[in-house]
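Visitor: Numbering (our numbering), first residue to last: 22 to 565.
Just passing along the structure, written as structure tokens.
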Ligand code: VG1
Ligand code: CO
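Here's what the structure looks like:
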């Protein structure tokens, strides 16, 4: 083992977005590109001497090569112990679990989550801190600063490490352990949920479900938990083997990309329950027989029923939701007499609230739900929460959902995504909206009058940091709200996200199609922002 110092120059644009640094694989493959960013992480968290680092990823193309590079650099930067998922695999929630369990200094997770994988697709790298959560903004800003001033990075000359067999290896003084990526996470799930009750659901074969792992990272986790520990029939988990290109699919668990699964929940021989996860296993889509559960409702329903679940039987202390998420969870919080916090998009904003014990559950409209058991959103956790709830209530999913609406009213919600639009025109559109905020109140669009409009800023009640320009909110006189923001996870052009939600409590109007219930609001959104003119698109690419 020979230490080496490599002279390098900064690359522009190494700025982490909503969830780490995401770029095309070819960009990461440029000489020094990845190394620069890894060294920038180490420089901003260092000194690293004597510490433990967790390393793993979602198995996408370039995962293994990257892990070898990071192992060498971590050794050269003085880490004394590296915990690496076998085969280079660790789902995002499992990485969070391992960091916490072994009290690591932090972890590096390689993923571009729901973005496609493969040689011409996307790659990503993110750092999670000692609490197991995504690096907060002040840390990611520091990483960016480091990347813009970097002059050298440190590595060692050594053979590749065998990532496939469990056990201990060593480079110089750095101990490397290849760990089972599933077991610690599966044990944690078993400590939170009533496994015997869920196993009871599966016993006898009356309750049938399918879990679509989308050839991404959750396959091994779902197999171990659902099939091995809970006794669901073999084959319950489909697309279970992680592939470097996710089988050519798009590992985004929504009704568009998990079409096959959705169709198995409909019609004569429909299953009772279906679920899917994204690339790195932190998101979930949950379906019942002829019933799609909107993630905003899912958060609210889990919160309202948390006391029925062993891990939360003592009650929940508070809830948080990202700003574009519907206000369904707020109604549950109000009835429980607890706080509901509204944060910017991205899990990094939940960390302080969780660490300070201000919240127990949190979630985002983008199919992310989680709790204080780790510091990441957690797809399988949400699936198990639902299974546990079904086992306790012994009711179909659709009934649990409609009972919830009957009690709290329904927050109709939809998100319209315009993907890969021209970046300049998308930014101009948001700028124009920002400049018109003062004039909007009182104006009418599609027959709705604007009550108020603002650009969302967040003041963190724990560390008092500020996050500004987090999305344009327009509130209308029918109680409806539209939010406009640009995605921070894409790698090509810009993605415009338009979120619409509106509350309804009339018992006869709780079962509409959201697109119909929100039709006027959607029209108003288009008129306020001039979406069609700015994007040149007649319709969104993805509707959720
Ligand atoms: C999207 C979602 C956001 C989520 C983020 C990371 O961000 O909207 O809610 O936290 O992805 O999730 P954006 O900036 O593209 O809207 V994941 O599963 O990609 O780590
Ligand atoms: Co993800």
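We put the CB at the ideal spot given by N, CA and C, even for glycine.
Run the CB neighbour count on residue 473, radius 10 Å, all protein chains shown included, and call it buried at 16 or more, exposed below.
Guide: So residue 473 counts as exposed.
Visitor: CB-CB under 6 Å to residue 98, same chain, minus the five flanking residues each way: which ones, in chain order?
Guide: Contacts found: 63, 69, 175.
Visitor: If you compare alpha carbons, which of 494, 228, 552, 490 is closest to residue 517?
Guide: If we check each option's Cα against that of residue 517, 552 comes out closest.
Visitor: Give the DSSP-derived three-state secondary structure of residue 141 in the structure shown.
Guide: Residue state, collapsed to three classes: coil.
Visitor: Does the Cβ of residue 138 lie closer than 8 Å to at least one heavy atom of the ligand PLP?
Guide: Ligands in the displayed structure: the ligand VG1 and the ligand CO; the ligand PLP is not one of them.
Visitor: Indicate the three-state DSSP secondary structure (helix, strand or coil) for residue 101 in the structure shown.
Guide: Note: residue 101 maps to coil in three-state DSSP.
Visitor: Leaving out five residues on either side along the sequence, give the residues of the same chain with a beta carbon under 6 Å from the beta carbon of residue 153.
Guide: Contacts found: 117, 120, 121, 395, 396.
Visitor: Where does residue 274 sit, in a helix, a strand or coil, going by DSSP?
Guide: Coil.
Visitor: Measuring alpha carbon to alpha carbon, tell me which residue in 92, 128, 111, 125 is nearest residue 179.
Guide: Per the Cα distances, 92.
Visitor: Does the count of Cβ pairs from the stretch 216 to 224 and the stretch 130 to 145 closer than 8 Å reach three?
Guide: Contact fails: fewer than three Cβ-Cβ distances are below 8 Å.
Visitor: Starting from residue 131 and walking both ways along the beta strand (DSSP E), at which residues does that stretch end?
Guide: Residues 127 to 131.
Visitor: Taking 9 Å as the threshold (C-beta atoms), are residue 418 and residue 238 in contact?
Guide: No; because the gap between Cβ atoms is not below 9 Å, this pair is not in contact.
Visitor: Tell me residue 44's beta-bridge partners as DSSP assigns them.
Guide: Paired residue(s): 144.
Visitor: Alpha helix (DSSP H) containing residue 283: first to last residue?
Guide: Taken as a continuous stretch (DSSP letters only), the alpha helix (DSSP H) holding residue 283 covers 280 to 285.
Visitor: Given residue 360, which residues of its chain have a CB within under 6 Å of its CB, disregarding the five upstream and five downstream residues?
Guide: Around residue 360: 339.
Visitor: Residue 501 to residue 434, Cα distance in whole Å?
Guide: Cα-Cα distance, rounded: 10 Å.
Visitor: Run through the DSSP bridge pairs and tell me what residue 24 is partnered with.
Guide: Residue 24 pairs with 177.
Visitor: Helix, strand or coil: which one does DSSP assign to residue 511?
Guide: Coil.
Visitor: Three-state secondary structure (DSSP) at residue 200?
Guide: The answer is strand: DSSP assigns residue 200 an E or B state.
Visitor: Counting only runs that start and end within the stretch 374 to 437, where is the alpha helix (DSSP H) found for 4 or more residues in a row?
Guide: For the stretch 374 to 437, whole alpha helix (DSSP H) runs of length 4 or above, ordered along the chain, are 400 to 414, 418 to 429.
Visitor: What do you reckon, is the C-beta of residue 301 under 8 Å from a heavy atom of the ligand CO?
Guide: The answer is yes for residue 301.
Visitor: If you reduce the DSSP assignment to three classes, tell me which class residue 344 lands in.
Guide: Three-state result, residue 344: coil.
Visitor: Whether or not the stretch 363 to 383 and the stretch 483 to 493 are in contact is what I'm after, with contact meaning three or more pairs of Cβ atoms, one per stretch, closer than 8 Å; do they touch?
Guide: Result yes; three or more Cβ-Cβ pairs closer than 8 Å.
Visitor: Classify residue 187: buried if its beta carbon has 16 or more other beta carbons within 10 angstroms, exposed otherwise.
Guide: By the neighbour-count rule (16 or more Cβ atoms within 10 Å), residue 187 is not buried but exposed.
Visitor: If I measure Cβ to Cβ from residue 612 and keep anything under 7 Å in the same chain, skipping five residues before and after, which residues do I get?
Guide: This structure cannot settle anything about residue 612, because the visible part of the chain is limited to 22 through 565.
Visitor: Is residue 426 near the ligand VG1, with its Cβ less than 8 Å from a heavy atom?
Guide: Checking the Cβ of residue 426 against the ligand VG1 gives no.
Visitor: Could you tell me if residue 642 is buried or exposed, where buried requires 16 or more neighbouring beta carbons within 10 angstroms of its beta carbon?
Guide: Since the first and last residues shown for the chain are 22 and 565, residue 642 lies out of range.
Visitor: Please state if the CB of residue 305 and the CB of residue 403 are separated by a distance shorter than 9 Å.
Guide: Contact: yes.
Visitor: Report yes if the C-beta of residue 368 is less than 8 Å from at least one heavy atom of the ligand VG1; otherwise report no.
Guide: Result yes, Cβ under 8 Å from the ligand VG1.
Visitor: Reducing DSSP to helix, strand and coil, say where residue 540 ends up.
Guide: Residue 540: helix per DSSP, three-state reduction.
Visitor: Answer yes or no: do residue 497 and residue 545 have a C-beta to C-beta separation smaller than 9 Å?
Guide: Result yes, Cβ atoms of residue 497 and residue 545 sit closer than 9 Å.
Visitor: Could you spell out the range, first to last residue, of the beta strand (DSSP E) harbouring residue 75?
Guide: Its beta strand (DSSP E) spans residues 73 to 78.
Visitor: In terms of residues, what are the limits of the alpha helix (DSSP H) holding residue 360?
Guide: That residue, residue 360, is in no alpha helix (DSSP H); its beta strand (DSSP E) goes 360 to 364.
Visitor: For residue 317, name the three-state secondary structure that DSSP assigns.
Guide: If DSSP states are grouped into helix, strand and coil, residue 317 belongs with the helices.
Visitor: Whole angstroms is fine: what's the gap from residue 370's alpha carbon to residue 344's?
Guide: In a straight line, the C-alpha of residue 370 is about 11 Å away from that of residue 344.
Visitor: What are the boundary residues of the alpha helix (DSSP H) that residue 121 is part of?
Guide: Where residue 121 is concerned, the enclosing alpha helix (DSSP H) stretches over 113 to 122.
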